[in-house]
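*Asks:* Below are the structure tokens for one structure; questions will follow.
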Amino acid sequence: MAGYRERQERAERSEGAERAERGGPFAPAPVLRDRADAVAYAAYRMPATFEAVTAALRELAARLPGWAPTAHLDMGGGTGAAPWAAAEVWPGRDRRTVVVDRAGPALDLGRELATAGGLGGQVEWRQGRLGATAEGAPELPGADLVTVSYVLGELPEPARDAVVDAAAAAVTRATRDAGERAATGAVVLVEPGTPEGYRRIRDARDRLLGAGLRVLAPCPHGAECPIEVGADWCHFAARVSRSALHRRVKGGVLPYEDEKFAYVAAATPGPDAGPAPGRIVRRPLLRKGQVLLDLCTPEGGLRRTTVSKRRGQEYRAARDSEWGAPWPPHPSPSPPSPPDYPSAAHPGQDVQRTDAARDPAAPAERADDAE
Ligand SMILES: C[S@@+](CC[C@H](N)C(=O)[O-])C[C@H]1O[C@@H](n2cnc3c(N)ncnc32)[C@H](O)[C@@H]1O
Numbered sequence: 001m002a003g004y005r006e007r008q009e010r011a012e013r014s015e016g017a018e019r020a021e022r023g024g025p026f027a028p029a030p031v032l033r034d035r036a037d038a039v040a041y042a043a044y045r046m047p048a049t050f051e052a053v054t055a056a057l058r059e060l061a062a063r064l065p066g067w068a069p070t071a072h073l074d075m076g077g078g079t080g081a082a083p084w085a086a087a088e089v090w091p092g093r094d095r096r097t098v099v100v101d102r103a104g105p106a107l108d109l110g111r112e113l114a115t116a117g118g119l120g121g122q123v124e125w126r127q128g129r130l131g132a133t134a135e136g137a138p139e140l141p142g143a144d145l146v147t148v149s150y151v152l153g154e155l156p157e158p159a160r161d162a163v164v165d166a167a168a169a170a171v172t173r174a175t176r177d178a179g180e181r182a183a184t185g186a187v188v189l190v191e192p193g194t195p196e197g198y199r200r201i202r203d204a205r206d207r208l209l210g211a212g213l214r215v216l217a218p219c220p221h222g223a224e225c226p227i228e229v230g231a232d233w234c235h236f237a238a239r240v241s242r243s244a245l246h247r248r249v250k251g252g253v254l255p256y257e258d259e260k261f262a263y264v265a266a267a268t269p270g271p272d273a274g275p276a277p278g279r280i281v282r283r284p285l286l287r288k289g290q291v292l293l294d295l296c297t298p299e300g301g302l303r304r305t306t307v308s309k310r311r312g313q314e315y316r317a318a319r320d321s322e323w324g325a326p327w328p329p330h331p332s333p334s335p336p337s338p339p340d341y342p343s344a345a346h347p348g349q350d351v352q353r354t355d356a357a358r359d360p361a362a363p364a365e366r367a368d369d370a371e
């Protein structure tokens, strides 16, 4: 897949150069410019973007029990990872999906994959350039679920803001038009789990809040993100199984990889929606008779809590807990463990659960990212 990498690098270089020259916001041509690019993307990246979007949608679904979207808009959907993820989280539902993307070859391949996999009839594939000025922007349908996954990073800031605003407007419009039938609408944004991806999500989260939506995940609050920009970044990991083809394509040796991603899920305010009681923001650290959990709290802060063996059921829950999960998993009447100390970044923190070797093909990580 060196060809794909080369094309992508070339496209990114020419995009930057052309943008600087023109002072304009858009690349001259889509990165996924032909069939070969789209096929390479589907083999190389789509398994990971699918798992990341699925993980984000699962967290949204956990905050909205009993709710399922009836109309899905996937902005910059490319080969269609998000419709597949929605089908995984809300299977067997009658749902209309519209995928909008500027790259025709990606949409064509997405349509073929969806048709072959049984999603076809439900999905409409529309070519259009998002983030353009009012005259150039495609008309977007209202939807009670809008996804924007791995797209914001391909857009310059004004277009990025316009896309986030359009996503919020699409759910607000749909829920207003549908009245009682669809009182809830949600926007889910996913970006790579890098410091830059986190910053884009953080900015977008502020815009969603400004548009009147309520953040449901990962944050357990709607206050300012307590992470100090530059010191750390909020992100999570989704396990991706690698087929033999996927391993060959990526030159990796492990039968899986962990896709690091940052996300935010926000919904129209409603009685059924509530954020998590707290969120585990780093891989739990297992110690002898203790589990150390780094939490983002409903009060809008970060803290580390130590759950000792003496706490029985809570300890067992902590031992089974996962990075990215809500905490406590089932809020109980017993008082929670006291905090040890406020936690921002923990440089030099031990790596835990070292049951897997590092994959040489994996990207650079925060000290505690490796499993
Ligand atoms: C990295 S891919 C992500 C595809 C898909 N959302 C996923 O998660 O696998 C980025 C997608 O955004 C699309 N894109 C980038 N800029 C766009 C724009 N201005 N309007 C519409 N689509 C755009 C690209 O064509 C590409 O399909």
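Numbering (the UniProt record's numbering), first residue to last: 1 to 371.
Note that CB positions come from ideal geometry on N, CA and C, so glycine has one too.
1. Who are D258's beta bridge partners in DSSP?
2. Secondary structure at H221, three-state DSSP: helix, strand or coil?
3. Measuring straight from C-alpha to C-alpha, what distance separates T172 and L57?
4. If I'm right that L293 touches I280 with Cβ under 8 angstroms, what's the distance once you round it to whole angstroms?
5. For Y150, which residues from the same chain have a beta carbon less than 6 angstroms from its beta carbon, with the 5 sequence-adjacent residues on both sides left out?
6. Specify the secondary structure class of T306 as computed by DSSP and reduced to three states.
7. For a minimum of 3 consecutive residues, which ranges assigned as the beta strand (DSSP E) are wholly contained in the stretch 148-233?
8. Since D108 is in the alpha helix (DSSP H), which residue starts that stretch and which ends it?
9. Sort out for me which residues DSSP pairs P275 with in a bridge.
10. So, with DSSP's three-state summary, where would you put E88?
11. What are the start and end residues of the beta strand (DSSP E) that includes R37?
12. Got a sec? Which residues, its chain only, sit under 7 angstroms from G104 by beta carbon, not counting five neighbours each side?
13. Which whole-angstrom value is the C-beta distance of T97 and T175, which I expect to be below 8 angstroms?
14. Would you say A237 and W323 are within 9 angstroms of each other, going by their C-beta atoms?
15. In chain order, what residues of the same chain have a beta carbon less than 6 angstroms from the beta carbon of P329, not counting five sequence neighbours either side?
16. Within 8 angstroms: the Cβ of Y263 and any heavy atom of ligand 1?
17. Please classify residue 410 as buried or exposed, where buried requires at least 16 other C-beta atoms within 10 Å of its C-beta.
18. Please confirm whether T115 has its beta-carbon closer than 9 angstroms to some beta-carbon of chain C.
19. Are three or more beta carbon pairs between the stretch 243-250 and the stretch 206-223 nearer than 8 angstroms?
20. May I ask which residues mark the beginning and end of the beta strand (DSSP E) holding E124?
21. In three-state terms, what does DSSP make of P83?
22. Rounded to whole angstroms, what is the Cα-Cα separation between A169 and V253?
23. Give me the residue from S243, A42, A262 and C219 with the minimum Cα distance to H235.
24. Return yes when the C-beta of residue 437 is under 8 angstroms from any heavy atom of ligand 1, and no when it is not.
25. Using the beta-carbon count (16 or more within 10 Å), is R102 buried or exposed?
26. Within the same chain, show all residues whose beta-carbon is closer than 6 angstroms to that of E299, passing over the 5 residues directly before and after it, in chain order.
27. Taking just the CA atoms, how far does S308 sit from V164?
28. If you draw a straight line from the C-alpha of P277 to the C-alpha of T297, how long is it?
29. So is P335 buried or exposed if we call it buried at 16+ other beta carbons inside 10 Å?
30. When DSSP labels each residue in this structure, what does R287 get in the three-state scheme?
31. If I measure Cβ to Cβ from Y198 and keep anything under 7 angstroms in the same chain, skipping five residues before and after, which residues do I get?
32. Return the chain-ordered list of same chain residues with a C-beta closer than 7 angstroms to the C-beta of V89, the five sequence neighbours on each side being excluded.
33. Does the Cβ-Cβ distance between A186 and L152 come in under 9 angstroms?
34. Take R311 as the anchor and find which of G289, V100 and R304 has the nearest alpha-carbon.
35. Excluding the 5 residues preceding and the 5 following H346 in the sequence, name in chain order all residues of the same chain whose CB lies nearer than 6 angstroms to its CB.
*Replies:* In short, the structure shows the following:
1. R239
2. coil
3. 19 angstroms
4. 6 angstroms
5. T49
6. strand
7. 186-192 and 214-217
8. G104 to G117
9. In the DSSP output, where bridge partners are listed per residue, P275 has none listed.
10. helix
11. Rather than Arg, the amino acid found at residue 37 in this sequence is Asp. Counting along the chain, D37 falls outside any beta strand (DSSP E), though it belongs to the alpha helix (DSSP H) covering R35 to Y44.
12. Q127
13. Their Cβ separation, rounded to whole angstroms, is 17 angstroms, which puts T97 and T175 out of contact at 8 angstroms.
14. yes
15. A317
16. no
17. No answer is possible for residue 410: it lies beyond the span of the chain, which begins at 1 and ends at 371.
18. Among the chains in the structure shown there is no chain C, since it carries only a single protein chain.
19. no
20. V123 to Q127
21. helix
22. 44 angstroms
23. A262
24. No information on residue 437 is available, as it lies outside the stretch 1 to 371 that the chain covers here.
25. buried
26. none
27. 43 angstroms
28. 7 angstroms
29. Low per-residue confidence applies at P335: pLDDT is 49, beneath 50, and the placement is therefore not dependable enough to give any value.
30. strand
31. W233, C234, H235 and A262
32. T54, L57, R58 and A61
33. no
34. G289
35. Per-residue confidence for H346 stands at a pLDDT of 36, beneath the threshold of 50, marking its modelled position as unreliable; the derived number appears in the next sentence. Excluding sequence neighbours, H346 sits near nothing in its chain.
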